[in-house]
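Presented below is the structure to which this report refers.
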Amino acid sequence: SSQTHTQANMERIHLLSKIATSEQHGENSPYFDGWKAYDQNPFHLTENPNGVIQMGLAENQLSLDLIEEWVAKNPKSSICTKDGISQFKDIANFQDYHGLYEFRKAIANFMGKVRGNRVTFDPDRIVMGGGATGASESLMFCLADPGDGFLVPTPYYPAFDRDLRWRTGVQLVPIICNSSNDFKITEEALESAYENAIASNIKVKGLILANPSNPLGTTTDKQTLQTLMRFINEKNIHIVCDEIYAATIFNTPEFVSISEVLQEMEQDSSNKINRELVHIIYSLSKDMGLPGFRVGILYSYNDHVVSCARKMSSFGLISSQTQLFLASILSDEEFVDGFLSESSKRLAKRHQTFTQGLEKEGITCLASNAGLFVWMDLRMLLNKPTFDEEMELWRLIINDVKLNVSPGSSFHCVEPGWFRVCFANMDDQTVDIALKRIRAFVKKGRKNERATMNNKRTKSFQKNLRLSFSSRLYDEATMMSPRMMSPHSPFARSPLVQART
Amino acid sequence: MLSAKATLNSHGQDSSYFLGWEEYEKNPYHSVNNPNGIIQMGLAENQLSFDLLESWLNNNPDSSGFTAQSVSSFKELALFQDYHGLPAFKNALVDFMSEIRENKVTFNPNNLVLTAGATSANETLMFCLADPGDAFLIPTPYYPGFDRDLKWRTGAEIVPIHCSSSNGFRITESALQDAYQQAQNQNLKVKGVLVTNPSNPLGTSLSLRELELLVTFISSKNLHLISDEIYSGTVFGSPGFVNLGLPGFRIGAIYSNDDIVVSAATKMSSFGLISSQTQFLLSQILSDKKFTKNYLSENRKRLKQRHEMLEKALQKTGIRCLKGNAGLFSWVDMRSLLSAQTFEGEMELWKKIVYDVGLNISPGSSCHCSEPGWFRVCFANMSKETLLLAMQRLSTFVDSVKKTNRSHPRHVNRTSRKTKSLPKWVFSLSFASARLGKNGA
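So the sequence lines, in the order shown, correspond to chains A and B. Position 317 of the first sequence, counting from 1, maps to 317 under UniProt numbering, and the rest follow consecutively. Position 7 of the second sequence, counting from 1, maps to 7 under UniProt numbering, and the rest follow consecutively.
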């Protein structure tokens with residue numbers, strides 16, 4: 001009987017941990033519904049030209065050809081080729097959680113280059129993590145106890161909810177930002193968030209900032225960074241800077257890293273800066289487009305944190321095979337300089353093509369100079385400035401326009417009507433098609449009477465509502481089928497997934 | 001200012017197990033450059049069959065996805081971060097797991113979760129099965145890394161199931177019940193039992209009787225059973241896979257029939273996925289069934305040979321081992337060499353062996369053995385010559401101890417209550433050196 005089944009299920013759940021059975025992994029959020037729509041009907045230029053175009057995945061695919069070229073010319077960077085096989089045994093055996101020295105040195109140099117060599121990084125402070133995902137979780141384990149809080153400016157990367165909170169028990173307290181000042185962080189918002197935390201009996205341990213920002217695509221200006229440094233030093237809390245998009249800058253203003261601000265402010269002792277409060281999260285997933293290689297980096301100016309995080313890196317070391325490859329490619333200064341310059345150019349061009357295309361249709365985006373996406377303003381398409389309206393519009397975009405974009409609410413944005421749209425994970429033709437579809441959608445919206453539009457929208461909303469409810473229920477079977485991918489890589493059509501041998 | 005986890009010593013790395021490594025790294029043996037250095041016998045690695053892998057790689061140049069011919073797959077690999085794992089790899093893996101078990105069982109790739117090493121797999125399972133403060137029962141002696149892997153960030157507790165040499169360290173029903181009772185006395189909720197099969201450090205596989213005992217026990221108390229089978233490939237009687245000897249590549253896996261566990265663990269694997277290029281390489285290797293068959297049989301032969309070499313050499317010096325049939329190490333009985341049958345005596349002996357004899361072996365106390373005098377000695381991570389040299393050194397040392405004992409007979413054996421904790425100097429050594437980074441095996 002179903003009652004027995006439910007009872008049996010309850011008993012089973014009781015046998016597992018609270019963490020395993022809670023919803024704190026966050027994957028039931030509507031954020032992932034768009035992906036499901038894409039998975040079920042993925043766009044392909046020739047095979048499925050009417051499918052859903054994936055614009056919800058912040059990947060950098062524009063410059064992988066440069067890396068492929070380098071790989072073909074440098075067989076020694078692999079332990080499996082004739083040229084590299086002499087290193088196989090040592091590398092296969094190498095599980096030291098300090099990581100290969102050459103690898104750490106190469107990463108430190110790379111990070112310095114990305115910051116115009118205005119700062120240098122110490123290879124001995126480089127700690128590995130299982131992607132930035134693993135690195136940021138470990139950092140939370142080092143800095144905060146269960147129940148402690150971290151301040152985070154909104155809108156922010158949705159997976160922070162899982163990565164920073166799920167197994168650590170840490171709480172996130174939002175620093176509210178809005179469009180009135182281009183979503184910049186104000187001192188008032190900062191103080192207000194801190195006070196809210198105190199009022200809720202949450203012990204604030206630090207602040208986490210993504211710079212450049214996901215989803216905004218903007219960089220934090222030096223003044224704000226200085227304000228933040230003063231704030232955290234005054235309150236004696238940590239600052240964690242997720243600089244994972246540092247090399248995706250394609251326009252002025254120039255990127256200013258927390259490391260530069262630290263270096264400058266330290267020089268004046270009246271600033272009373274404690275460097276032990278400063279930590280950086282980095283990765284090669286965005287700057288180099290290598291998310292599959294799981295290269296997470298934790299960099300801390302605090303010796304104790306370095307030591308502790310290093311031990312924790314046992315839970316997510318970077319494959320030694322990958323460390324060797326990266327040590328090789330990143331030590332090639334000529335390649336790195338060329339890559340960074342060319343990658344930036346291509347991102348600039350793609351950003352320009354896309355934003356200009358949108359502007360022609362009267363759609364504006366937040367002015368941005370970095371990232372793999374734009375923060376698109378569709379507030380004028382909402383009947384009312386509510387999140388229900390945003391959801392309705394979003395479902396329309398997925399089902400009628402067939403673009404998987406990400407609604408601002410999934411980023412905890414306080415204003416409805418904003419959408420994050422990724423542009424670097426597709427070729428030029430696909431961008432063209434996406435813009436054509438947007439053009440058609442906007443034209444249709446203008447042509448139709450408001451009443452007719454409402455009627456249509458209500459119908460499709462109801463249809464979509466059904467879709468949304470069924471997909472919101474946690475569907476184990478669907479999630480586990482080979483075609484349904486994780487939110488991290490909806491590559492249903494990747495040949496790697498189709499392969500059976 | 002930092003978390004409790006960062007400030008306490010619950011990472012377990014002050015244990016002598018890791019300290020021995022520190023000493024080794026300060027003065028590592030090298031046949032030419034440092035012939036008097038310390039020989040590493042505390043690392044359970046298998047270095048015996050790399051030549052076979054290297055020759056396979058030479059014959060399969062496109063396996064890396066990195067040659068000019070195969071570079072077209074580079075982009076797909078570079079972008080592949082799906083936490084369900086590379087299907088080709090998982091399929092090859094479950095086939096292999098079946099092969100090991102003579103195809104008596106088949107495994108469903110959908111029940112397999114890939115993780116960055118067994119270290120990550122063990123921790124992830126704990127996060128799925130235990131709340132902070134919950135306990136798992138583990139038979140002693142056990143792998144020292146469990147203290148970190150299972151307890152540190154999870155907040156879970158370990159309660160030992162005491163095993164003794166009187167019956168070859170086999171798990172008994174009374175030991176199980178005692179452990180369970182002990183947990184109750186400490187107000188700890190027991191969530192399950194974790195066994196390593198074959199055992200590290202014993203080098204033996206669980207008997208049918210023990211397995212039956214365990215299954216009955218967990219069924220009656222509604223507990224989980226975790227079987228860490230990382231050494232399943234090292235059984236001298238049957239083949240296995242972990243023994244491809246690739247610890248640097250960080251390849252781990254969880255297999256569970258509970259779909260909620262699989263689902264939660266899959267999401268958690270985000271914190272430690274296996275590099276896609278590594279998954280790809282392994283899928284190529286494991287799919288070559290001819291190669292794997294040959295590799296396993298050859299590797300097994302070499303391990304058996306090495307194991308016998310060690311056993312015989314020890315026998316000659318009058319030292320016995322627990323009769324082992326698996327693993328990359330032997331569980332050696334050095335009780336006759338102790339000046340006193342206490343853990344202090346064991347530490348004293350261990351110090352001598354590390355510093356004077358120049359062998360880094362692992363003392364039983366670091367494995368939570370309840371009887372002093374047992375040591376884990378690894379044999380598969382060095383050349384034959386080095387092993388012979390190590391045995392020579394040990395032989396010389398044992399002879400000298402015997403001479404000393406004859407001229408100065410030992411006092412009556414003391415077993416004091418103090419033996420439960422390690423002496424203070426063990427802890428003070430931990431801050432001396434930072435150059436310690438082994439994850440252990």
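All residues carry an ideal CB built from backbone N, CA and C; glycine is no exception.
### Task
Throw me the rounded Cβ distance for the A246 of chain A and D287 of chain A pair, which I believe falls under 8 Å.
Taking the first residue of the first sequence as position 1, residue 246 of chain A is located at position 246. Taking the first residue of the first sequence as position 1, residue 287 of chain A is located at position 287. At roughly 6 Å, the Cβ-Cβ gap stays under 8 Å, so A246 of chain A and D287 of chain A are in contact.
**OP:** Could you work out which residues of chain B lie near C80 of chain A, taking near to mean beta carbons separated by less than 7 Å?
**Re:** Stepping through the first sequence from its first residue, residue 80 of chain A is reached at position 80. Correct list: L57, S63, S64, F66 and L281.
Would you mind telling me which residues of chain A sit closer than 7 Å to E22 of chain B, beta carbon to beta carbon, in chain order? The residue you call residue 22 of chain B lines up with position 22 of the second sequence. Correct list: empty, because the minimum Cβ distance to chain A is about 13 Å.
So is P35 of chain B buried or exposed if we call it buried at 16+ other beta carbons inside 10 Å?
Along the second sequence, one-based indexing puts residue 35 of chain B at 35. Exposed.
Exercise. Just grab the DSSP bridge partners of Y255 of chain B for me.
Key: Numbered from its first residue, the second sequence carries residue 255 of chain B at position 255. According to DSSP, Y255 of chain B bridges with B:L112.
Q.
Please report whether the beta-carbon of N222 of chain B lies at a distance below 9 Å from any beta-carbon of chain A.
A. The sequence position of residue 222 of chain B within the second sequence is 222, counting from 1. Interface residue, yes.
Original post:
Quick one: is P291 of chain A near chain B, going by C-beta distance under 9 Å?
Top reply: Walking along the first sequence from the start, residue 291 of chain A turns up at place 291. At least one chain B Cβ lies under 9 Å of P291 of chain A.
Exercise. Whole alpha helix (DSSP H) runs in the segment 106–185 of chain B with 4 or more residues, listed along the chain?
Worked result: 117–129 and 173–185
Next on the checklist: Checking 9 Å against the spacing of the C-beta atoms, do L284 of chain A and V240 of chain A come in under that value?
Outcome noted: Walking along the first sequence from the start, residue 284 of chain A turns up at place 284. Walking along the first sequence from the start, residue 240 of chain A turns up at place 240. Not a contact, by the Cβ cut-off of 9 Å.
key: Spatial neighbours of T458 of chain A in its chain, beta-carbon cut-off 6 Å, leaving aside the 5 residues before and after   = For this step, residue 458 of chain A is matched to residue 458 along the first sequence. Note that T458 of chain A scores 48 on pLDDT, short of 50, meaning its location in the model is unreliable; the coordinates nonetheless yield the value given after this. Cβ neighbours of T458 of chain A beyond the five flanking positions: none.
DSSP beta-bridge partners of G149 of chain A | Numbered from 1 along the first sequence, position 149 holds the residue referred to as residue 149 of chain A. Partner(s): A:Q171 and A:V204.
Quiz item: Helix, strand or coil for T219 of chain A per DSSP?
Solution: By 1-based counting over the first sequence, the position of residue 219 of chain A is 219. Coil.
(Q) Please state the DSSP three-state secondary structure of T7 of chain B. (A) Looking up residue 7 of chain B in the second sequence gives position 7. Helix.
**OP:** Give a yes or no on whether 9 Å exceeds the smallest Cβ distance from F80 of chain B to chain A.
**Re:** What you label residue 80 of chain B is simply residue 80 of the second sequence in a count that begins at 1. Yes, F80 of chain B counts as interfacial toward chain A.
Just to check my reading of the structure: S330 of chain B and F379 of chain B have Cβ atoms closer than 8 Å, yes? What is that Cβ distance to the nearest angstrom?
Reading the second sequence from its first residue, position 330 is the one you call residue 330 of chain B. Reading the second sequence from its first residue, position 379 is the one you call residue 379 of chain B. Correct: roughly 7 Å between the Cβ atoms.
Would you be able to state if there are at least three C-beta pairs under 8 Å between the segment 254–269 of chain A and the segment 142–159 of chain A? no
| request: Give me the Cβ distance between F375 of chain B and M347 of chain B, rounded to the nearest whole Å; I'm assuming they're in contact under 8 Å. | output: For the purposes of this step, residue 375 of chain B is taken as residue 375 along the second sequence, with counting starting at 1. For the purposes of this step, residue 347 of chain B is taken as residue 347 along the second sequence, with counting starting at 1. 12 Å between Cβ atoms; not a contact.
Have a look at B:E76, B:E99 and B:E123 and flag the residue whose alpha-carbon is nearest the alpha-carbon of M312 of chain A.
As a first step, residue 312 of chain A is located in the first sequence; it is residue number 312 there, counting from the start. Of the candidates B:E76, B:E99 and B:E123, the one whose C-alpha sits nearest the C-alpha of M312 of chain A is B:E123.
_Candidates B:E212, B:L202 and B:L213: closest to K323 of chain B by CA position_ = Looking up residue 323 of chain B in the second sequence gives position 323. For K323 of chain B, the nearest C-alpha among the options comes from B:L202.
Report task. Return no unless some Cβ of chain A is closer than 9 Å to the Cβ of T386 of chain B. Result -> Taking the second sequence and counting its residues from 1, the one referred to as residue 386 of chain B is at position 386. Answer no: the Cβ-Cβ gap between T386 of chain B and chain A never drops below 9 Å.
Fill in: 8 Å Cβ cut-off: residues of chain A touching A4 of chain B
Reading the second sequence from its first residue, position 4 is the one you call residue 4 of chain B. In chain order: D145.
In whole angstroms, give me the CA-to-CA distance for F387 of chain A and M55 of chain A. Translated into positions along the first sequence, residue 387 of chain A becomes position 387. Translated into positions along the first sequence, residue 55 of chain A becomes position 55. Rounded to whole angstroms, F387 of chain A to M55 of chain A spans 20 Å at the Cα level.
Per the contact definition of three or more C-beta pairs closer than 8 Å, is the segment 108–125 of chain B in contact with the segment 247–257 of chain B?
yes
With 9 Å set as the bound, which would you pick, yes or no: does the beta-carbon of F469 of chain A sit closer than that to a beta-carbon of chain B?
Here residue 469 of chain A refers to the residue found at position 469 of the first sequence. The pLDDT assigned to F469 of chain A is 33, lower than 50, so where the model puts this residue is not dependable; a value taken from the coordinates is nonetheless given after this. Not one chain B Cβ lies under 9 Å of F469 of chain A.
Original post:
Which of helix, strand or coil does DSSP assign to G20 of chain B?
Top reply: Sequence index remark: in the second sequence, residue 20 of chain B carries index 20 (1-based). Here G20 of chain B sits in helix by DSSP.
Checklist entry - What does V261 of chain B touch in chain A if you count any residue whose Cβ is under 9 Å from its own? => result Within the second sequence, numbered from 1, the residue matching residue 261 of chain B stands at position 261. Result: L16 and A20.
*Proximal chain A residues relative to T106 of chain B, where beta-carbon distance stays under 9 Å*: Numbered from its first residue, the second sequence carries residue 106 of chain B at position 106. The contacting residues do not exist; T106 of chain B stays about 16 Å from chain A at best.
Please name the residue, chosen from A:N302, A:L164, A:D377 and A:G134, that lies closest to S314 of chain A on a Cα-to-Cα basis. Start at 1 with the first residue of the first sequence, and residue 314 of chain A comes out as number 314. Nearest of A:N302, A:L164, A:D377 and A:G134 to S314 of chain A, Cα basis: A:G134.
task = Identify, in the order they occur along the chain, each residue of the same chain with its Cβ nearer than 6 Å to the Cβ of D228 of chain B, setting aside the five sequence neighbours on each side.
result = Counting from 1 along the second sequence, the entry for residue 228 of chain B is found at position 228. Cβ within range, chain order: T196.
Cβ-based burial, K104 of chain B [other Cβ within 10 Å; buried from 16] | For the purposes of this step, residue 104 of chain B is identified with residue 104 of the second sequence, where counting begins at 1. The residue is exposed, with fewer than 16 neighbouring Cβ atoms inside 10 Å.
Point to revise | Contact list for P144 of chain B against chain A, beta-carbon separation under 9 Å | key: As a first step, residue 144 of chain B is located in the second sequence; it is residue number 144 there, counting from the start. Here the premise fails: no neighbours, minimum Cβ distance about 13 Å.
Q) Can the beta-carbon of L372 of chain A be found closer than 9 Å to that of L347 of chain A? A) Against the first sequence, residue 372 of chain A aligns to sequence position 372. Against the first sequence, residue 347 of chain A aligns to sequence position 347. Yes, the Cβ-Cβ distance between L372 of chain A and L347 of chain A is below 9 Å.
Query raised in the report: Do you know whose CA, among B:G252, B:W56, B:I218 and B:K151, lies nearest L8 of chain B's CA?
Result: By one-based count along the second sequence, residue 8 of chain B stands at place 8. The shortest C-alpha separation from L8 of chain B is found at B:K151.
- From this set, B:F280, B:S15, B:T278 and B:E22, which residue's C-alpha is nearest G358 of chain B's C-alpha? Taking the first residue of the second sequence as position 1, residue 358 of chain B is located at position 358. Looking at the Cα atoms, B:E22 is the closest of the given residues.
| query | If we ignore side chains and look at the alpha-carbon of each, how far apart do I438 of chain A and L358 of chain A end up? | reply | For this step, residue 438 of chain A is matched to residue 438 along the first sequence. For this step, residue 358 of chain A is matched to residue 358 along the first sequence. About 8 Å.
| At what residue ranges does the segment 63–147 of chain A contain a whole run of the beta strand (DSSP E), taking only runs of 3 or more? | 126–130
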